[in-house]
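According to the working numbering, the sequence shown is numbered sequentially starting from 32.
Remarks on the structure that follows.
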Amino acid sequence: TVDNRTEAYGMVALQGPGALDLLAGLCESPGDIERFTAEERTVAGVDCLVARTGYTGEDGVEMLFDAGDAAAVWSALECQPCGLGARDTLRLEAGLLLSGQDFDPEENPRTPLEAGIGFAVDLETEFVGRDALARQAADGVEETLVGFRLRERGIARHGHEIAVDGEPVGTVTSGTMSPTLGDAIGLGYVPVAHADPGTELSVVVRGDEKRAGVEALPFYQQD
32 TVDNRTEAYG MVALQGPGAL DLLAGLCESP GDIERFTAEE RTVAGVDCLV
82 ARTGYTGEDG VEMLFDAGDA AAVWSALECQ PCGLGARDTL RLEAGLLLSG
132 QDFDPEENPR TPLEAGIGFA VDLETEFVGR DALARQAADG VEETLVGFRL
182 RERGIARHGH EIAVDGEPVG TVTSGTMSPT LGDAIGLGYV PVAHADPGTE
232 LSVVVRGDEK RAGVEALPFY QQD
């Protein structure tokens, strides 16, 4: 049987350039945990599963522990929390997709190849849908996810129209103002003919076409 244990656990994500140094005062050698792996560690006296992962594009960890220990872990970190808006800006700068927004099985079904995450698929193994993906890989996709940067004032939002020479060609899936870049950025799907970095396009914001250009992802990458 499978039990839903969601409410039995708490989780804190500690992300950013100083994350591991801060955690080192509460946990033995967190920097030894390899990226995209997890180890059982003690943090501030609390048994945790510490994963060298995150959803911000920055280095850091995600810590999982019994829900009853959440207050102890949080108090020991002595940090200020940031909200989902900050996290969404960071993940977008890093070119990370958001399920239910950048792809959605109901409203916007996309294959991994269309969504630009084909690296996560091994076509040499057997899985449900493999043959269909293999055919798409051989034939090529018709549309693909791209990153873009606005060249004038305005912020692209989910559902806004993407146009080329005044003709609709695609749809924005995510958009925000990037504090790091100083410009508005976004993600959206366009035909592959308009997907190369440097391609000029426009985004319709509140009825006005705002000039934009396709950019390679990620927009920003931590050194």
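C-beta: ideal position from N, C-alpha, C; glycine also.
In this text the structure is predicted, and so the values were computed from the model without any measurement.
| Item | Value |
| --- | --- |
| Given F179 as reference, the closest of D100, V221, C113 once Cα atoms are compared | V221 |
| For Y86 and A226, the rounded distance between their alpha carbons | 25 Å |
| Cβ neighbour criterion (16 or more within 10 Å) applied to P61 | buried |
| Per DSSP, cross-strand counterpart(s) of G139 | For the record, residue 139 in the displayed sequence is Asn; it is not Gly. According to DSSP, which records beta bridges pairwise, N139 is partnered with D135. |
| Local conformation of Q46 per DSSP, three classes | strand |
| Assigned exposure category for R83 - 16 Cβ within 10 Å defines buried | buried |
| Beta-carbon proximity list for A151, same chain, < 8 Å, skipping 5 on both sides | P143 |
| Cα-Cα separation, D133 to T120 | 14 Å |
| Enclosing alpha helix (DSSP H) for V11 [first to last residue] | As shown, the chain starts at 32 and ends at 254. That puts residue 11 outside it, with no answer to give. |
| Euclidean distance between Cα positions of I216 and T32 | 45 Å |
| Residue range of the unbroken beta strand (DSSP E) whose run includes D175 | Reading off the sequence shown, one finds Thr at residue 175, where the question assumed Asp. Where T175 is concerned, the enclosing beta strand (DSSP E) stretches over 174–181. |
| Limits of the unbroken alpha helix (DSSP H) element including R166 | 161–170 |
| Residues sharing a beta bridge with T202, DSSP | E192, Y220 |
| Stretch pair the stretch 34–51 + the stretch 89–105: three plus CB contacts closer than 8 Å | yes |
| Identity of the residue in D196, E157, N139, R166 nearest L176 by Cα | N139 |
| Short Cβ contact (8 Å threshold) for A50 with G91 | yes |
| Length of the line joining the Cα atoms of V74 and D52 | 13 Å |
| Cβ shell of G149 (< 6 Å), same chain only, five flanking positions each side left out | P143 |
| Supposed contact pair G88 and E210 - C-beta distance, whole angstroms, cut 8 Å | A small correction: the amino acid at residue 210 is Pro; Glu does not occupy that position in the sequence shown. 13 Å between Cβ atoms; not a contact. |
| Buried or exposed (CB count within 10 angstroms, at least 16 for buried), E157 | exposed |
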